[in-house]
């Protein structure tokens with residue numbers, strides 16, 4: 056397990072390939088082999104620590120203060136061509152983070168077309184509340200997620216469910232998936248209700 060005891064999000068690389076991430080104060084668990092080389096990096100790419108996996112050692116810690124964040128919590132800034140974006144890429148633009156919705160996108164400014172860029176909300180966070188971003192859903196799906204912003208628990212209500220199960224993805228402001236919850240609906244039910252705990256999630 057890789058423990059992030061720094062004040063920023065760390066990304067964990069094995070042989071220069073991104074394997075996962077951990078919020079400040081969080082952990083990243085994975086399977087690996089003895090002798091493999093790992094590196095903890097800030098999201099800017101700055102190296103924080105490196106590890107060689109040793110037999111009998113299961114915890115690897117990174118500590119200290121990260122580089123000063125001059126982006127206000129924004130992802131890497133959007134850039135026009137020759138930058139080409141793929142579905143899932145997250146960029147910062149005008150104080151908001153945006154997620155690309157299609158592959159091979161270029162010269163389309165975030166905020167101009169929701170079917171190309173999903174607005175993930177303002178960069179940064181107040182550290183104690185978690186904002187909830189609503190993706191575009193089919194018109195016949197009626198749902199309510201409250202309270203917003205949320206602290207420890209959110210309640211999800213789906214009226215007139217049209218599917219047996221829904222997948223709710225909780226994402227960080229940097230676009231990474233933090234948790235995925237499956238909500239099951241009984242056949243013929245008029246309303247589905249489920250509470251989702253956010254207590255295990257880091258603020259932000």
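In the working numbering, the protein residues as written are 56 to 259.
The C-beta atom is built at its ideal place from N, Cα and C for all residues, glycine as well.
Keep in mind it's a predicted model, so treat the numbers as computed, not measured.
What does the Cβ neighbour count give for residue i, buried or exposed, with the cut at 16 atoms within 10 Å?
i: residue 169; result: exposed
i: residue 208; result: exposed
i: residue 114; result: exposed
i: residue 147; result: buried
i: residue 142; result: exposed
i: residue 137; result: exposed
i: residue 245; result: exposed
i: residue 57; result: buried
i: residue 158; result: exposed
i: residue 139; result: exposed
i: residue 175; result: buried
i: residue 162; result: exposed
Expressed to the nearest angstrom, what Euclidean distance is found between the alpha-carbon atoms of residue i and residue j?
i: residue 90; j: residue 201; result: 47 Å
i: residue 238; j: residue 210; result: 12 Å
i: residue 99; j: residue 197; result: 39 Å
i: residue 164; j: residue 177; result: 16 Å
i: residue 133; j: residue 173; result: 13 Å
i: residue 155; j: residue 212; result: 28 Å
i: residue 253; j: residue 67; result: 23 Å
i: residue 214; j: residue 199; result: 8 Å
i: residue 236; j: residue 75; result: 19 Å
i: residue 240; j: residue 206; result: 25 Å
i: residue 117; j: residue 247; result: 42 Å
i: residue 92; j: residue 145; result: 27 Å
i: residue 110; j: residue 249; result: 43 Å
i: residue 83; j: residue 61; result: 13 Å
i: residue 96; j: residue 149; result: 25 Å
Is residue i helix, strand or coil by DSSP?
i: residue 248; result: strand
i: residue 169; result: coil
i: residue 146; result: strand
i: residue 61; result: strand
i: residue 182; result: Annotation note: pLDDT 30 at residue 182 (below 50); position unreliable, coordinate value reported separately. Coil, per DSSP.
i: residue 239; result: strand
i: residue 155; result: strand
i: residue 92; result: strand
i: residue 132; result: strand
i: residue 80; result: coil
i: residue 105; result: strand
So the candidates are the options; which of them puts its Cα closest to the Cα of residue i?
i: residue 167; options: 107, 112 and 151; result: 151
i: residue 78; options: 64, 85 and 84; result: 64
i: residue 101; options: 71, 144 and 112; result: 71
i: residue 81; options: 171, 59 and 108; result: 59
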